[in-house]
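J.: So the sequence shown is residues 11 to 238, counted in this note's numbering. Take this structure first; my questions come after.
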Amino acid sequence: GTMLGVHASIGAINDLVDERADAHRREKPLARGRISRGAARGVAALGAALGALCATALGPVSLAIAGLGYGLGCAYDLRVKRTVASFVPFALGVALVPQFAWAAAGAPLPTAIASLSLAALPAGSALALQNGLADRALDAAAGVRGLVVRLGASRATLLAGVLHGAALLLVAVAAPIGASRSILAAGGTFVLLGVGLSARGSAARRRRGWECSAVGLSLCAVGTALAA
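Next up, the structure:
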């Protein structure tokens, strides 16, 4: 419930801010006129309320982490996505997810889960680059000078691959002895396949790229968490 509310609110705010820039994107209902700005504001407000309510029920630590994650998302929407630091909210936001989940469980934080948060810093940065690759042409046309637009497609793709490689190495080294190597291997395969999809092709193909890498990172997290 917390994740659903927080991300619905962040997504709605993003579409409100980028309504003009998204004018040619068919998957954006606000920009295409299929919903009103009032409805989008309602989603943003209700999502924030749901996220806060659910996080409060999980305890003060979970509420604090969820609040920090929400703040990072809003900062990205309102300003940071247009700067060279556009990857930072992604990196920090992804790194908070293992911390949030374990805080919600009310259990002490194992070393393996802390290591996942560390690995999430380069992994989240790489996901941000892949996400930017999917929107690079539209961002450039709209004057959004994020990191990918500044780097160019080739260098951004190479950097994403290097960052994902660093994240996978950290996971492999820090994973508990009982972690399923098959799950970790499957996760790594999905991550690298996603980088390949992000490297070339249409915007839709590149979008599948960062989604594929996100699934791979999730598998790595699940494999580590089950063993921890």
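C-beta: ideal position from N, C-alpha, C; glycine also.
Given a threshold of 16 other Cβ atoms within 10 Å of its Cβ, counted over all protein chains shown, does proline 99 qualify as buried or as exposed?
T.: buried
J.: From this set, Leu227, Val53, Ala31 and Asp32, which residue's C-alpha is nearest glycine 197's C-alpha?
T.: Leu227
J.: Measure the C-alpha to C-alpha separation of tyrosine 86 and glycine 156 and round it to an integer number of angstroms.
T.: 11 Å
J.: Contact between the segment 103 to 117 and the segment 40 to 59: three or more CB pairs below 8 Å?
T.: Counting C-beta pairs with one atom in each stretch, the segment 103 to 117 and the segment 40 to 59 have fewer than three that are closer than 8 Å, which means they do not touch.
J.: Less than 8 Å between CB atoms is the rule here; does valine 205 satisfy it with respect to chain D?
T.: Although the question refers to chain D, the structure presented lacks it and comprises just one protein chain.
J.: Taking contact to mean at least 3 C-beta pairs separated by less than 8 Å, is the segment 127 to 139 in contact with the segment 170 to 187?
T.: Contact between the segment 127 to 139 and the segment 170 to 187 is present, because at least three Cβ pairs lie under 8 Å.
J.: Among Trp220, Glu221, Arg191 and Leu202, whose alpha-carbon lies nearest the alpha-carbon of glycine 233?
T.: Arg191
J.: Please state the DSSP three-state secondary structure of glycine 188.
T.: coil
J.: Go through its chain and collect everything with a Cβ distance to alanine 176's Cβ below 6 Å, but skip five positions before and after it.
T.: Pro132
J.: Distance, Cα to Cα, tryptophan 220 vs leucine 169?
T.: Cα to Cα, the separation comes out at about 14 Å.
J.: I need the DSSP call for glycine 104, collapsed to helix, strand or coil.
T.: Before going further, note that residue 104 is valine rather than glycine in the sequence given. Valine 104: helix per DSSP, three-state reduction.
J.: At the level of alpha carbons, what is the spacing between alanine 65 and alanine 54?
T.: 16 Å
J.: Express the C-alpha separation of histidine 34 and threonine 121 in angstroms, rounding to a whole number.
T.: 46 Å
J.: Should the segment 195 to 214 be called in touch with the segment 67 to 77, which here means at least 3 C-beta pairs below 8 Å?
T.: no
J.: Once the 5 residues before and after isoleucine 193 are set aside, which same chain residues still bring their CB inside 7 Å of it?
T.: Excluding residues within five positions, the ones whose Cβ falls inside 7 Å are Leu229, Val232 and Gly233.
J.: Tell me the DSSP secondary structure of phenylalanine 200 in three-state form.
T.: helix
J.: Would you say leucine 203 and cysteine 222 are within 8 Å of each other, going by their C-beta atoms?
T.: At the C-beta level, leucine 203 and cysteine 222 come within 8 Å of one another.
J.: Provide the residue span of the alpha helix (DSSP H) that contains histidine 17, from first to last.
T.: That run of the alpha helix (DSSP H) goes 12 to 27.
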